[in-house]
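S.K.: Before we start, here is the structure in question, set down as structure tokens.
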Amino acid sequence: MPENNRKMQTDISELENGQLAEQQLPSDFTLVVLAGGASSHMGREKSDLLLDGQTFLEIQIGKGCQLGAKQILISGYRGTQ
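Numbering (my numbering), first residue to last: 255 to 335.
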């Protein structure tokens with residue numbers, strides 16, 4: 255396996271407070287968010303569920319920006335706007 259691919263892999267011991275250790279992140283990464291679809295049990299899209307006043311999708315986008323993602327791709331999200 256090429257060295258740069260090895261650096262992208264992580265195991266649970268390298269996670270700190272829900273964030274990857276800085277040395278694991280390349281400077282030009284793209285974040286891909288697999289947003290949940292409609293939930294028949296909850297009555298709305300899973301990515302629109304709120305946690306501390308933010309949707310799950312907003313939280314993931316915010317984390318991507320904090321970590322320096324150059325692009326954020328969202329797959330599976332069908333918003334109402």
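Note that beta-carbon positions come from the ideal geometry of N, C-alpha and C, so glycine has one too. Treat the numbers as computed from the prediction; the structure is a model and nothing was measured.
Let me check understanding here. Comparing Cα to Cα, which of Phe-283, Arg-298, Ile-328 lies closest to Ile-315?
M.R.: Position 61 of the sequence shown, counted from the first residue, corresponds to residue 315. It is Ile-328.
S.K.: Do Gly-322 and Ser-294 have their beta-carbon atoms positioned less than 9 Å apart in this structure?
M.R.: Translated into the one-based positions of the sequence shown, residue 294 becomes position 40. Translated into the one-based positions of the sequence shown, residue 322 becomes position 68. If you check the CB distance, Ser-294 and Gly-322 do not come in under 9 Å.
S.K.: Hey, Ile-326 and Leu-285 are a contact pair by Cβ (cut 8 Å); roughly how many whole angstroms apart?
M.R.: Walking along the sequence shown from the start, residue 326 turns up at place 72. Walking along the sequence shown from the start, residue 285 turns up at place 31. With a Cβ gap of about 5 Å, Ile-326 and Leu-285 count as contacting.
S.K.: Going by beta carbon distance, what residues of the same chain come within less than 7 Å of Ser-301, once the five residues before and after it are set aside?
M.R.: As a working note, residue 301 is residue 47 in the sequence shown. Contacts found: Ala-289, Gly-290, Thr-309, Phe-310, Leu-311, Tyr-331.
S.K.: Specify the secondary structure class of Ser-329 as computed by DSSP and reduced to three states.
M.R.: The residue labelled residue 329 in the question sits at position 75 within the sequence shown. In the structure shown, Ser-329 sits in a strand (DSSP, three-state: E or B).
S.K.: Taking the CB atoms as reference points, tell me whether Leu-378 and Met-296 lie closer together than 9 Å.
M.R.: Residue 378 lies beyond the range of the chain shown here (255 to 335); nothing can be said about it.
S.K.: Assign Gly-318 to one of two classes, buried (16 or more other C-beta atoms within 10 Å of its C-beta) or exposed (fewer than that).
M.R.: Locating residue 318 in the sequence shown gives position 64, counting from the first residue. Buried, by the Cβ-count rule.
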